[in-house]
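Everything on this sheet refers to the single structure shown next.
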Amino acid sequence: MFEVDGMPKLFSDRTLPARCPFCRAEILRPGEVEGGQWYDFAAGFCTCGAIFVHDPTARNGGAAFLQALLMAADGDMDRAMGLSEGVDYEVGYVQKYNADIHRLEPNSFGTLYFVRLQEGVKRP
Numbered sequence: 061m062f063e064v065d066g067m068p069k070l071f072s073d074r075t076l077p078a079r080c081p082f083c084r085a086e087i088l089r090p091g092e093v094e095g096g097q098w099y100d101f102a103a104g105f106c107t108c109g110a111i112f113v114h115d116p117t118a119r120n121g122g123a124a125f126l127q128a129l130l131m132a133a134d135g136d137m138d139r140a141m142g143l144s145e146g147v148d149y150e151v152g153y154v155q156k157y158n159a160d161i162h163r164l165e166p167n168s169f170g171t172l173y174f175v176r177l178q179e180g181v182k183r184p
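If you're matching positions, the sequence shown starts at 61 in the numbering used here and goes up one per residue.
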């Protein structure tokens, strides 16, 4: 057992920082998104160009993924629906995300859905 400031350490921190699945950089906390009727979830951007959306329950994955894809298409639903996975964009997921502490935690349900446009695919 380890001691911290003279007190025994009874548990270990099992949390991890939230990282982009594409570039492994730590991401900023997802925030509110303005600008569209489809933007119901907190979201953010990675420095590598990926867009991520937070589904706190892991039960609304389709809607969260659609929001990320729509954000990648700058709100153009027709363009978003015309993009193809593996051709126009990559998809990644980070599970067990806890928005309250902005870390990955074993007992959390939140999922971050990532979309990154392929090189050569221009944003409108």
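Ideal Cβ positions, reconstructed from N, Cα and C, are used throughout, including at glycine.
These numbers come from a predicted model, not from an experiment.
Measure the beta-carbon distance from A124 to Y173 and round it to whole angstroms, keeping in mind my assumption that it falls under 8 Å.
5 Å
Relative to the alpha-carbon of I111, which residue among E179, A118, G152 has its alpha-carbon at the smallest distance?
G152
Beta-carbon gap between P116 and A103 smaller than 8 Å
no
Name the DSSP bridge partner or partners of Q155?
T171
What's the C-alpha gap between V113 and L130?
11 Å
For P81, tell me which candidate among E150, G135, E179, D134 has the shortest Cα-Cα distance.
E150
Can you list, in chain order, the residues of its chain with a C-beta nearer than 7 Å to that of L76? Leave out the 5 residues immediately preceding and following it.
R163, L164
Starting from D115 and walking both ways along the beta strand (DSSP E), at which residues does that stretch end?
111-115
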